[in-house]
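A short worksheet on the structure shown next.
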Amino acid sequence: MKVSLCVPAWLTFPALLLVLAMAGCASGAIKEAVSTKDAPAAIGPYSQAVKVGNLLFLSGQISIDPKTNQMNSGSIEDQTKQALENLDAVLKASGMSMENVVNTTVFLKDVNDFGKMNAVYGTYFKDKPPARATVQVARLPRDALVEICAIASK
11 MKVSLCVPAW LTFPALLLVL AMAGCASGAI KEAVSTKDAP AAIGPYSQAV
61 KVGNLLFLSG QISIDPKTNQ MNSGSIEDQT KQALENLDAV LKASGMSMEN
111 VVNTTVFLKD VNDFGKMNAV YGTYFKDKPP ARATVQVARL PRDALVEICA
161 IASK
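Anchor point for the sequence shown: position 83 equals 93 in the numbering used here, and the numbering is continuous, going up by one each time.
This is how it looks when you write it as structure tokens:
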């Protein structure tokens, strides 16, 4: 299975080093994998999230129900809700919440679903929503309609 790397397009290597240095990551902060049974288990060589300093980098989530490990193949709204619930579970495992999210990247199978996705997304980020990029992609794992990854800060 392919894993999406959630790095904003503007984030070049020098910019990434600057961001990490500002977060205290370049000064020897320990990299710690975050995992919870309340979100789908990683099915490859990646972590649900990685904490470095005060930053948490969350892997992309699709609409897999962590209790059944089955894909929710419902509407874009249903899939967006499950993906965000999965992100929320990983955030909670690291002592954070959706309020700590500073950036997200939303991958849509069909950008025509933007409005419906955005309506659900907005219910999770009511006050001070994070920065966001949204892109249409050719295909997502398990033929999902949406995948969302995030960066959070404590």
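All C-beta atoms in this analysis are idealised placements derived from N, C-alpha and C, irrespective of residue type, glycine included.
On the CB-based measure, 16 or more other CB atoms within 10 Å of its CB, does V115 come out buried or exposed?
One-based indexing of the sequence shown puts residue 115 at position 105. It should be noted that the sequence gives Thr, not Val, for residue 115. Flag for T115 reads buried.
Report yes or no: do three or more beta-carbon pairs, one from the segment 122-130 and one from the segment 83-96, lie closer than 8 Å?
yes
Can you look up A99 in the DSSP assignment and give me helix, strand or coil?
What you label residue 99 is simply residue 89 of the sequence shown in a count that begins at 1. DSSP places A99 in helix when its eight states are reduced to three.
Report buried or exposed for P50, applying the criterion of at least 16 other Cβ atoms within 10 angstroms of its Cβ.
Locating residue 50 in the sequence shown gives position 40, counting from the first residue. Buried.
Please report the Cβ distance between D98 and P76, rounded to the nearest whole angstrom; I am assuming they are in contact, meaning their Cβ atoms lie under 8 Å.
The residue given as residue 98 occupies position 88 in the sequence shown. The residue given as residue 76 occupies position 66 in the sequence shown. Between P76 and D98 the Cβ distance is about 11 Å, and since that is not below 8 Å, they are no contact.
Give the single residue among I53, A43, V60, L155 whose Cα lies nearest to the Cα of I72.
As a working note, residue 72 is residue 62 in the sequence shown. Nearest of I53, A43, V60, L155 to I72, Cα basis: L155.
With 16 as the cutoff for other CB atoms within 10 Å, does K61 come out buried or exposed?
Reading the sequence shown from its first residue, position 51 is the one you call residue 61. Label assigned to K61: buried.
Taking Cβ positions, are Q146 and L118 nearer each other than 8 Å?
Residue 146 sits at position 136 when you count from the first residue of the sequence shown. Residue 118 sits at position 108 when you count from the first residue of the sequence shown. Their beta carbons are under 8 Å apart, which means Q146 touches L118 by this criterion.
At what residues does the beta strand (DSSP E) containing D129 begin and finish?
Taking the sequence shown and counting its residues from 1, one reaches residue 129 at position 119. In the sequence as presented, Asp is not what sits at residue 129; that position holds Ala. Where A129 is concerned, there is no enclosing beta strand (DSSP E), although the alpha helix (DSSP H) it sits in stretches over 124-134.
What does T113 pair with, by DSSP beta-bridge criteria?
Here residue 113 corresponds to residue number 103 of the sequence shown, with the count starting at 1. Reading off the sequence, residue 113 comes out as Asn, not Thr. For N113, which the question treats as bridged, DSSP gives the partners A141, I161.
Across which residues does DSSP place V60 in a beta bridge pair?
Position 50 of the sequence shown, counting from 1, holds the residue named residue 60. Bridge partners of V60: A43, F67.
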